[in-house]
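Novice: Shown below is the structure under consideration.
Protein chains: 2
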Amino acid sequence: MHRTKVTVVEDALDANNTIATANRADFDRAAVKVVNFMSAPGAGKTALLEQVVRELPGVRVGVLEGDVQGSLDADRLAHLHVPVTQLNTDPSFGGECHLDANMVRSAIPSLPLRDIDLLIVENVGNLVCPAEFKIGEDARVMVCSVTEGEDKPLKYPLMFRTCELVLINKIDLLAHIEFDLERLLYNIDQVHPDVETISCSARTGEGVGAWREWLSLLASREEAVA
Amino acid sequence: MHRTKVTVVEDALDANNTIATANRADFDRAAVKVVNFMSAPGAGKTALLEQVVRELPGVRVGVLEGDVQGSLDADRLAHLHVPVTQLNTDPSFGGECHLDANMVRSAIPSLPLRDIDLLIVENVGNLVCPAEFKIGEDARVMVCSVTEGEDKPLKYPLMFRTCELVLINKIDLLAHIEFDLERLLYNIDQVHPDVETISCSARTGEGVGAWREWLSLLASREEAVA
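So the sequences go chain by chain: A and B.
For the first sequence, our numbering gives the first residue as 6, with consecutive numbering after it.
For the second sequence, our numbering gives the first residue as 6, with consecutive numbering after it.
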């Protein structure tokens, strides 16, 4: 007798993964690389985007802005003349605290995938839930600002563990705060050994070249075998 | 015919409110005032607690520490010799990004309610979901640090709208950053007109006296009619 076994989708994260894979396929077909860009509120994601989106030679960048409410970050990026799509998570009482694959899927028809090579998705400012939901990205990048303290990798390990790159931002403030950069790097290493880090300042431009280079390399990366 | 109408509990937030009311009753019976203390990661909640928990004349303070994982903040407070209870939200994959009423309820048997007058619940660092879940508190206080930028009230309005007090922390850094305090106050006023604010620095101690005074007043506040 012929028997077929079908394993059912088990929970919300499984369903999310299914949709993320579909997103991934759409992005691959369009040859668009996707970065899931995450941080705590106010760590400097938008400022770090302002520094790079127009200055990646040969790479056409688009941005998908995820916010609970409003379009402040999209407005900030408007003058850079790159395509920016706004996604709000606020249909319910207080809004979702993260993007998930289905929200990104709903935005795909509005994305100019033919006109870009690299899509940067600015997630909702939050160090917990965004790390739990794949959206169909090629890489995850997080920003950790030095004003947040050295303990964040130990308190929010999943976020640090699932990123390929950690941007350590606001290093121009190091002279004015009690902060031990070596201790932060040690703590990052505890939860994600050998993850790449770039110390930078969106304000002074320090380290921004390395961040730009990292994105250029990602954009030219060969398609990964899924 | 006798008819009785029972309105069913409608959703997760209703269930949460039911449990929050039960918590509230327990705290009232013990004559303990409760503060739900919230902010983005790294805004300085623990540092602002370190400044006040031992120095409230006539008020015996206890702390309930909510974290995704670990006990770093509880450890920081240990030397202050006030009762600290740790609550971790990490049973699932990445952990819950907020405390809810049921989590706090599960901690009540571990709280020394007879020995304290004021319980400060340090919520998970997050500007979205903690604002959606009542835990049985008398008051909500949030910390917004100046390094996070002026736009946070507009991006996370529910958090600012549901707090009675906004502590504007890290003002010792104002000289070193591009930040317009008037603009932040204006944005706070847009989403929560006339909410009380205190500008402060856990590092220099500026404004900490006003924060202490606010807590003392809360602790001596007459029981609100529920």
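Quick reminder that beta carbons are idealized off the backbone N, C-alpha and C, glycines included.
1. Below 8 angstroms on the Cβ atoms is my contact criterion, and I expect D156(A) with N192(A) to pass it. Report the Cβ-Cβ distance as a whole number of Å.
2. By how many angstroms is the C-alpha of R166(A) removed from the C-alpha of L104(B)?
3. For L159(B), go through chain A and note every residue whose CB falls closer than 9 angstroms to its CB, in chain order.
4. If you follow the beta strand (DSSP E) that R145(A) is part of, which residue opens it and which one closes it?
5. Hey, out of P62(A), H86(A) and K139(A), whose CA is closest to V39(A)'s CA?
6. If you run the structure through DSSP and keep just helix, strand and coil, what is V184(A)?
7. Any chance you could list the beta strand (DSSP E) runs of at least 3 consecutive residues sitting entirely within the region 73-137 of chain A, in chain order?
8. Taking only three categories from DSSP, how would you classify L172(A)?
9. In chain order, what residues of the same chain lie with their CB nearer than 6 angstroms to the CB of P88(B), ignoring the 5 residues before and after it?
10. Just checking my contact of V196(A) with C168(A) at CB under 8 angstroms: how many whole Å lie between their CB atoms?
11. Are L61(A) and L92(A) close, meaning C-beta to C-beta below 8 angstroms?
12. Can you check whether the C-beta of T23(A) is within less than 8 angstroms of a C-beta belonging to chain B?
13. With 16 other CB atoms within 10 Å as the buried threshold, where does R29(B) fall?
14. May I ask you to report which of helix, strand or coil DSSP gives S225(A)?
15. Within 8 angstroms (strictly less), CB to CB, does T90(B) reach chain A?
16. Give me the chain A residues within the contact set of E153(B), using Cβ-Cβ distance strictly less than 7 angstroms, ordered along the chain.
17. Do three or more CB pairs link the region 42-56 of chain A to the region 115-129 of chain A at distances below 8 angstroms?
18. Please confirm whether C168(A) has its beta-carbon closer than 8 angstroms to some beta-carbon of chain B.
19. Taking a cut of 8 angstroms between CB atoms, which residues from the region 126-143 of chain A lie near chain B?
20. Whose C-alpha, out of V151(B), T202(B), A224(B) and A207(B), is nearest the C-alpha of D185(B)?
21. Spatial neighbours of Q74(A) within its chain, please: C-beta separation below 7 angstroms, excluding the five flanking residues on both sides.
22. Quick one, which of E137(A), A20(A), A36(A) and I24(A) has its alpha-carbon nearest L223(A)'s?
23. What span of residues does the beta strand (DSSP E) with T51(B) cover, start to end?
24. Please return the same chain residues whose Cβ sits closer than 6 angstroms to the Cβ of R208(B), not counting the five positions on each side in sequence.
25. Would you say A17(A) lies against chain B (beta-carbon separation less than 8 angstroms)?
26. Taking C102(B) as the query, report the chain A residues whose CB atoms sit under 7 angstroms from its CB, ordered along the chain.
27. Just to make sure I have the definition right: I need the residues of chain A whose C-beta is within less than 9 angstroms of the C-beta of L223(B). Which are they?
28. Does any residue of chain B have a CB that is nearer than 8 angstroms to the CB of V14(A)?
29. Could you compute how far the alpha carbon of D120(B) sits from the alpha carbon of S225(B)?
30. Work out the CA separation of A136(B) and A144(B) for me, nearest whole Å.
31. To which residues of the same chain is E211(B) closer than 8 angstroms at the C-beta, ignoring the five residues directly before and after it?
Specialist: Reading off the structure:
1. Counted from its first residue, the first sequence places residue 156(A) at position 151. Counted from its first residue, the first sequence places residue 192(A) at position 187. Indeed, because the Cβ distance is near 7 angstroms, the residues count as touching under 8 angstroms.
2. The sequence position of residue 104(B) within the second sequence is 99, counting from 1. The sequence position of residue 166(A) within the first sequence is 161, counting from 1. Approximately 23 angstroms between the Cα atoms of the pair.
3. Taking the first residue of the second sequence as position 1, residue 159(B) is located at position 154. Result: Q74, G75 and L77.
4. Counting from 1 along the first sequence, the entry for residue 145(A) is found at position 140. Note, R145(A): beta strand (DSSP E), A144 to S150.
5. Looking up residue 39(A) in the first sequence gives position 34. Among P62(A), H86(A) and K139(A), the Cα nearest to that of V39(A) is on K139(A).
6. Along the first sequence, read from residue 1 onward, the residue named residue 184(A) stands at position 179. In the sequence as presented, Val is not what sits at residue 184(A); that position holds Phe. Looking at F184(A) - three-state DSSP - the assignment turns out to be coil, as it is neither helix nor strand.
7. 89-93 and 123-127
8. As a working note, residue 172(A) is residue 167 in the first sequence. Three-state DSSP puts L172(A) in a strand.
9. Against the second sequence, residue 88(B) aligns to sequence position 83. Result list for P88(B): G67 and P117, in chain order.
10. Indexing the first sequence from 1 puts residue 196(A) at position 191. Indexing the first sequence from 1 puts residue 168(A) at position 163. That belief does not hold up - the Cβ atoms of V196(A) and C168(A) are roughly 10 angstroms apart, past 8 angstroms.
11. If you number the first sequence from 1, residue 61(A) lands on position 56. If you number the first sequence from 1, residue 92(A) lands on position 87. Cβ distance not < 8 angstroms, so L61(A) and L92(A) don't count as in contact.
12. Residue numbering aside, residue 23(A) sits at position 18 when the first sequence is read from its first letter. By this cut-off, T23(A) is not an interface position.
13. Residue 29(B) sits at position 24 when you count from the first residue of the second sequence. By the neighbour-count rule (16 or more Cβ atoms within 10 Å), R29(B) is buried.
14. Stepping through the first sequence from its first residue, residue 225(A) is reached at position 220. The answer is coil: DSSP assigns S225(A) none of H, G, I, E or B.
15. Numbered from its first residue, the second sequence carries residue 90(B) at position 85. With 8 angstroms as the cut-off, T90(B) does not count as an interface residue toward chain A.
16. Here residue 153(B) is taken as the residue at index 148 of the second sequence, counted from 1. Going along chain A in sequence order, the residues near E153(B) (Cβ under 7 angstroms) are P46 and G47.
17. yes
18. Along the first sequence, one-based indexing puts residue 168(A) at 163. For C168(A), the answer is no, since every Cβ of chain B falls outside 8 angstroms of its Cβ.
19. V129, G130, N131, L132, V133, C134, A136 and E137
20. The count along the second sequence starts at 1 and reaches residue 185(B) at position 180. With distances taken between Cα atoms, D185(B) lies closest to V151(B).
21. Counting from 1 along the first sequence, the entry for residue 74(A) is found at position 69. Cβ neighbours of Q74(A) beyond the five flanking positions: N93, D95 and G100.
22. As a first step, residue 223(A) must be located in the first sequence, where it is residue number 218. Nearest of E137(A), A20(A), A36(A) and I24(A) to L223(A), Cα basis: A36(A).
23. Counting from 1 along the second sequence, the entry for residue 51(B) is found at position 46. That residue, T51(B), is in no beta strand (DSSP E); its alpha helix (DSSP H) goes K50 to E55.
24. Residue mapping note: residue 208(B) aligns to position 203 of the second sequence, counting from 1. Answer for R208(B): D177, listed in chain order.
25. One-based indexing of the first sequence puts residue 17(A) at position 12. So, not an interface residue.
26. In the second sequence, residue 102(B) corresponds to position 97, counting from 1. Residues of chain A passing the Cβ test: C102, N131, V133 and C134.
27. Residue mapping note: residue 223(B) aligns to position 218 of the second sequence, counting from 1. Those within 9 angstroms of L223(B) in chain A number zero; the least Cβ separation is about 24 angstroms.
28. Within the first sequence, the letter at position 9 stands for residue 14(A). Note on V14(A): pLDDT 49, under 50, position unreliable in the model; the coordinate value appears next. Chain B contact via Cβ: absent.
29. For the purposes of this step, residue 120(B) is identified with residue 115 of the second sequence, where counting begins at 1. For the purposes of this step, residue 225(B) is identified with residue 220 of the second sequence, where counting begins at 1. Spanning the two alpha carbons is a distance of roughly 16 angstroms.
30. Numbered from its first residue, the second sequence carries residue 144(B) at position 139. Numbered from its first residue, the second sequence carries residue 136(B) at position 131. Roughly 12 angstroms separates the two Cα atoms.
31. Mapped onto the second sequence, residue 211(B) falls at position 206. Only I176, D177, S204 and C205 meet the Cβ criterion.
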